[in-house]
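In the working numbering, the protein residues as written are 30 to 369. Glycine included, C-beta positions come from ideal geometry on N, C-alpha and C. Note that the coordinates shown come from a computational prediction; the quantities given were computed from them, not determined experimentally. A short write-up of the structure that comes next.
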Ligand code: F6P
């Protein structure tokens, strides 16, 4: 069998570990031929790809980003200025021109939606969930997430010392798109005093009071963690807005730090390497067993798969009764809705 691998959407640590997991299992265990599609689904439009023999998969386990390149082009979504009217049709034709028996689509929500639609066009598709946001429905966790949480947590550890020294309120903005998973997990791991999530509506009066309460207890500094997707008047300005509001309401010095793309860069953590490898290995097994139209997933600690039709671009948000939110609240962490 000849299989193609494509990485699409935002990059993250672990994609190369996943490519290696699919490729080595396919080659070593099942004797398959593997090619890598360049730059997301664009590569299936302009037929740019490279062979992925076993020796090309060496040395990439620890490499951040994706050796194949990526793009956010969504073939089923018509964009202004589109030159190729029927991108899906071109992709189907090129899939057959390349003589592919299957295509592994590594990506987040949008990519899994495209994967499902390509599956409905009759292609043999396997989805492999990746994103630092951890918001792909149908799996407990995506690789990239643990690495982003590590990066954000390390930043928070550093902000504690400077907040303490200057008696300041430090507001740190983390990624996550419309989900608060990175903010919640790094906020707890990094000892955040206030954690604002897109999933929980906050009230600035409550936030300001929480900061003042800490000062009254002899802690005139706070670490405020905000998910980039929280509701603020100006898009892409969460940390600045929250910092300014806290200063205006409390008079306490505040500084904002936007972690941005550092959360997407660098080498994957060991956990992400293992998860990406397990996902990749299972993807190759599904292809060998001709179980297509499915996305690899993990539930509990068991690697499994779920029909792409069930996943199709759905977003996994923090649930109302999330246990980690409850445990943090019970320790006095303020989520901006109500505080001790
Ligand atoms: O989906 C991953 C992500 O990093 C989000 O957390 C963030 O909002 C978005 O990508 C940024 O998109 P881009 O890489 O296109 O700037």
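Would you mind reading off the limits of the beta strand (DSSP E) that contains residue i?
{"i": "residue 197", "result": "Counting along the chain, residue 197 falls outside any beta strand (DSSP E), and DSSP gives it neither H nor E."}
{"i": "residue 281", "result": "Per DSSP, residue 281 belongs to no beta strand (DSSP E) and is neither H nor E."}
{"i": "residue 352", "result": "Element bounds for residue 352: not the beta strand (DSSP E) but the alpha helix (DSSP H), 352-359."}
{"i": "residue 333", "result": "331-336"}
{"i": "residue 32", "result": "31-36"}
{"i": "residue 224", "result": "223-225"}
{"i": "residue 209", "result": "Run containing residue 209: none; DSSP gives neither H nor E here."}
{"i": "residue 79", "result": "78-80"}
Report all residues from its chain with a CB closer than 8 Å to the CB of residue i; omit the five preceding and five following residues, and keep chain order.
{"i": "residue 362", "result": "216, 217, 221, 222, 223, 224"}
{"i": "residue 141", "result": "134, 156, 158, 165, 324, 337, 340, 341, 342"}
{"i": "residue 83", "result": "52, 53, 56, 57"}
{"i": "residue 137", "result": "38, 39, 158, 159, 160, 162, 164, 165, 171"}
With distances taken from CA atoms, which of the options is nearest residue i?
{"i": "residue 190", "options": "140, 251, 321", "result": "251"}
{"i": "residue 75", "options": "331, 110, 354, 117", "result": "117"}
{"i": "residue 186", "options": "219, 211, 229", "result": "219"}
{"i": "residue 367", "options": "235, 352, 311, 125", "result": "235"}
{"i": "residue 70", "options": "272, 124, 110", "result": "124"}
{"i": "residue 198", "options": "60, 229, 99, 280", "result": "280"}
{"i": "residue 148", "options": "167, 121, 326", "result": "121"}
{"i": "residue 67", "options": "89, 41, 35", "result": "35"}
{"i": "residue 346", "options": "78, 146, 226, 132", "result": "226"}
For residue i and residue j, which I take to be in contact (beta-carbon distance under 8 Å), what is that distance rounded to the nearest angstrom?
{"i": "residue 127", "j": "residue 64", "result": "7 Å"}
{"i": "residue 304", "j": "residue 172", "result": "5 Å"}
{"i": "residue 22", "j": "residue 86", "result": "For the chain, the structure presents residues 30 to 369; residue 22 sits outside this window and is missing."}
Would you mind reading off the limits of the alpha helix (DSSP H) that contains residue i?
{"i": "residue 233", "result": "233-245"}
{"i": "residue 309", "result": "299-317"}
{"i": "residue 50", "result": "44-53"}
Does residue i get closer than 7 Å to chain B when you measure Cβ to Cβ?
{"i": "residue 368", "result": "In summary, chain B is missing from the structure at hand, where a single protein chain is found."}
Kindly list the residues whose CB is nearer than 7 Å to the CB of residue i, restricted to its own chain and excluding five residues on each side of it in sequence; keep chain order.
{"i": "residue 287", "result": "202, 268"}
{"i": "residue 103", "result": "139, 143"}
Skipping 5 residues on each side, what residues in its chain have a beta carbon closer than 6 Å to that of residue i?
{"i": "residue 358", "result": "none"}
{"i": "residue 214", "result": "178"}
Using a Cβ distance threshold of 8 Å, determine whether the region 90-100 contacts the region 38-52, with at least three qualifying pairs required.
yes
Quick one: any contact between the region 195-206 and the region 308-326, if contact means 3 or more CB pairs under 8 Å?
no
Would you say the region 173-181 touches the region 279-298, given that touching needs at least three Cβ pairs under 8 Å?
Verdict: yes, contact present.
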